[in-house]
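Numbered according to this note's numbering, the sequence shown spans residues 7 to 273. Here's the structure, in structure tokens; my notes come after.
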Amino acid sequence: MQLHKRFTSDQVKALLKGYHQGILDRSAIEEILGISKTRFFALLTQYRRDADKFALGYRRSTPTRIPVSAERAIERELMLEKDLIEDATLPITTYNYSAVKDRLIKHGVTVSLPTIIERAKDLGCYQPRPRKKAHDREVITTAIGALIQHDASHHRWSPYAKERWVLVTSLDDFSRKLMYADFFERETTWAHIKAAETLMHTYGIPLRYYVDSLRVFRFVQGRDSFWRKHVLQTDEADPQWRQVMRILGVDVTYALSPQAKGNASYY
Numbered sequence: 007m008q009l010h011k012r013f014t015s016d017q018v019k020a021l022l023k024g025y026h027q028g029i030l031d032r033s034a035i036e037e038i039l040g041i042s043k044t045r046f047f048a049l050l051t052q053y054r055r056d057a058d059k060f061a062l063g064y065r066r067s068t069p070t071r072i073p074v075s076a077e078r079a080i081e082r083e084l085m086l087e088k089d090l091i092e093d094a095t096l097p098i099t100t101y102n103y104s105a106v107k108d109r110l111i112k113h114g115v116t117v118s119l120p121t122i123i124e125r126a127k128d129l130g131c132y133q134p135r136p137r138k139k140a141h142d143r144e145v146i147t148t149a150i151g152a153l154i155q156h157d158a159s160h161h162r163w164s165p166y167a168k169e170r171w172v173l174v175t176s177l178d179d180f181s182r183k184l185m186y187a188d189f190f191e192r193e194t195t196w197a198h199i200k201a202a203e204t205l206m207h208t209y210g211i212p213l214r215y216y217v218d219s220l221r222v223f224r225f226v227q228g229r230d231s232f233w234r235k236h237v238l239q240t241d242e243a244d245p246q247w248r249q250v251m252r253i254l255g256v257d258v259t260y261a262l263s264p265q266a267k268g269n270a271s272y273y
């Protein structure tokens, strides 16, 4: 129950007066009123500013209802956010209510984030946070540069973009630092080699790379051979990217499945 419903202004004023005169202890007053330290000092500041006019009366500083124009603006922005999420060509899967709030401010509409979330629930534009699955993740690296997670993703990265681009990234597994990121029109062996070159010129040569089993990184028997009688088995031939890693003395670990792609905890 709120403080002004449990105590009168005079009762609180008497307690603050006792503290001000050195008669009462702060912790004792906090226990009596059932308030935190922060709330106590806020009341004390108000009391010292003008003890005679001190009052606990609750005063609403904002209107109780949002204008209809603001409601429409909130709905419009939430629907826009929903369209982005439902567009399968965009890598957007969750609502960004802070971005919605920022866009509303640009249009002269100022509302709180909880208000936006409340409206989102009413309009079906809300996704509850999924429960984190309990899992044991073995720490497989003990130093920066011990393992680099390298990956590429194909998406239409902006709602305003007409074409898909390839984002090539390299992430240090220990520090979680993004060591490299750049866009390419197409995913090629040369793009991955240049990514490794840039990373190594900037940070040095890592001990190991962690990649998926795409043919740009790995020769897989049965997939990358055209002959019925296979002469070479898996990993008995090196693609150009793997040759570069071998020359540089960098070890390579491959994901065991597409689901493990980019997640070092699977190897």
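We treat Cβ as the ideally placed atom computed from N, Cα and C, and that holds for glycine.
| Check | Outcome |
| --- | --- |
| Threonine 116 versus glutamate 87 - alpha carbon distance | 18 Å |
| Contact the region 189 to 205 vs the region 162 to 176: 3+ CB pairs below 8 Å | yes |
| Sub-8 Å separation of isoleucine 154 and tyrosine 215 beta-carbons | yes |
| Cβ-based burial, valine 74 [other Cβ within 10 Å; buried from 16] | exposed |
| Under the three-state DSSP convention, the category glutamate 208 falls into | One detail in the question is off: residue 208 reads as threonine in this sequence, not glutamate. Helix. |
| N- and C-terminal bounds of the beta strand (DSSP E) containing aspartate 257 | 257 to 260 |
| Where tyrosine 103 sits in the DSSP three-state scheme | helix |
| Valine 18 versus Leu49, Gly255, Trp196, residue with shortest Cα-Cα distance | Leu49 |
| Extent of the continuous beta strand (DSSP E) to which serine 219 belongs | From DSSP, serine 219 is part of no beta strand (DSSP E); its letter is neither H nor E. |
| CB of threonine 148 within 8 Å of CB of phenylalanine 180, strictly | yes |
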